[in-house]
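Just below is one structure, and these are the notes that go with it.
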Amino acid sequence: MTSLDADLVHRWFATVLNPDVPVMPHWGILPSAVEGAVLREGRQLLLAAVVDSTMPGPPEVAASEPAAREVQTYLHALAAGIAGTQAALLEADGPTQPTQGSVSRLTGGPFGAAEPVDPPGEAPTIALVTGLIAGAAALRDSLNRPGPPEVPNREPSAAEAARLAGVSAAEVVVDGADLHAVAAISAATAMQGWGVGQPTDPRDRVEYRTRGLIGMLLVGLEQASQTPDPPAVPAACGAGPGENRGRAFTAEVTFEIRCGTSESAALHQDLLALGEDVQWWSRSGVDHFHIHTDSPGEVISQAYASGTLFDLAVTLREPTPSDLD
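According to UniProt numbering, the residues represented by the sequence shown are 1 to 325, in order.
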């Protein structure tokens, strides 16, 4: 069973900070230099909290970017929640006093290189849950919008998404869920109701980026805490996970879809970039699409992301007389 210890913290942030394997590629967010520094700062705070219940001091230098400042606040509160719970639980077994510190004392600067904290320690899963709740409570809703997150067509703010993640974690930990289960439910809950695509409003862009970075943290923790997968056995053709060794072909793809007019129009525009002879007919509230494409998988994925499909057909496109001229 995975434990909240120094090794996990290192794996967690190595996952989040790996530029070659984005945690959430569909969001189109990679940490900026300032955000990356904040994440490395947070790694040190969490290492100190997990290993010896060190309570973080306030940031000595506030991050210069709005989303980075929000994540900095979140990580400081997350570490404080873990350290405080860890210290309280240890107090039951004998007097202990958490130390007050700051990340600069651990790294030589607020955004310095990460150094391992020794000796390695371990924190209970309930400490992580407390930290998630504390981190969410420290965030502010920069949109300052009225109404609960359940209002239709209203995306949750970063603060709301983090709060829901913490509440979900608390609900499952009382039933005995292990650390990976807690991380998984937190990540899944936090991502509910998110739209993908950079907003145009500046405040919305800050929320989008903050929400994405916190989502990356939660998904990264889920990935780092799961039991390693067994070695992949190649398929008979020799392909491994994510590989397709078949021969590409030009396909004729047709389907019906039920969605709004604006969604159908957007889908039509997307399909124009994926093939040729793109046709769109609307009959009695049902939209019919036709396309010739060398990327049938991408066409189908785009269609399913737009609405409910019916009568999907994918066939090898037969040459027409004009093709032979």
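Virtual Cβ for every residue (Gly too), placed ideally from N, Cα, C.
For residue i, three-class secondary structure by DSSP
i, result
"residue 55", "strand"
"residue 309", "strand"
"residue 184", "helix"
"residue 23", "coil"
"residue 123", "strand"
"residue 29", "coil"
"residue 293", "strand"
"residue 168", "helix"
"residue 317", "coil"
"residue 61", "coil"
"residue 175", "coil"
"residue 43", "helix"
"residue 4", "strand"
"residue 72", "helix"
"residue 276", "strand"
"residue 140", "coil"
"residue 66", "helix"
"residue 90", "helix"
"residue 155", "coil"
"residue 17", "coil"
"residue 326", "Summary: the structure shown does not reach residue 326, with the chain confined to residues 1 through 325, and so no result is reported for it."
Closest Cα partner of residue i within the set the options
i, options, result
"residue 228", "81, 180 and 256", "180"
"residue 133", "4, 140 and 164", "164"
"residue 212", "162, 304, 91 and 255", "162"
"residue 36", "64, 287 and 285", "64"
"residue 19", "8, 32, 10 and 9", "32"
"residue 297", "288, 313, 41 and 17", "313"
"residue 178", "231, 131, 124 and 271", "124"
"residue 138", "195, 217, 69 and 259", "69"
"residue 48", "34, 83 and 235", "83"
"residue 292", "283, 310, 279 and 14", "279"
"residue 38", "302, 243 and 210", "210"
"residue 288", "230, 260, 295 and 294", "260"
"residue 315", "294, 309 and 303", "294"
"residue 255", "308, 128 and 50", "308"
"residue 159", "202, 208 and 198", "208"
"residue 263", "202, 225 and 305", "305"
"residue 59", "50, 53, 80 and 11", "80"
"residue 88", "14, 53, 72 and 167", "53"
"residue 203", "66, 12 and 21", "66"
Those residues which DSSP pairs with residue i across a bridge
i, result
"residue 302", "Partner(s): none; residue 302 has no beta bridge."
"residue 12", "Answer is none; residue 12 lacks a bridge partner."
"residue 282", "287"
Cβ of residue i within 9 Å of any chain C Cβ
i, result
"residue 18", "Considering every chain present, this structure includes no chain C. It has just one protein chain."
(message) Measuring CB atoms only, is the region 247-261 touching the region 71-81, in the sense that at least three cross pairs come out at less than 8 Å?
(response) no
(message) Would you call the region 228-248 in contact with the region 17-29, where contact means no fewer than 3 C-beta pairs closer than 8 Å?
(response) no
(request) Mind the definition here: the region 213-229 touches the region 177-197 only if three or more C-beta pairs lie below 8 Å; say whether that holds. (result) Touching, yes, given that three or more Cβ pairs across the two stretches are closer than 8 Å.
(message) Between the region 165-175 and the region 3-18, can you find at least three pairs of beta-carbon atoms closer than 8 Å?
(response) no
(request) Kindly provide the ranges of any alpha helix (DSSP H) runs that are 4 or more residues long and lie completely inside the region 195-272, ordered along the chain. (result) Complete alpha helix (DSSP H) runs here, min 4: 202-225 and 261-272.
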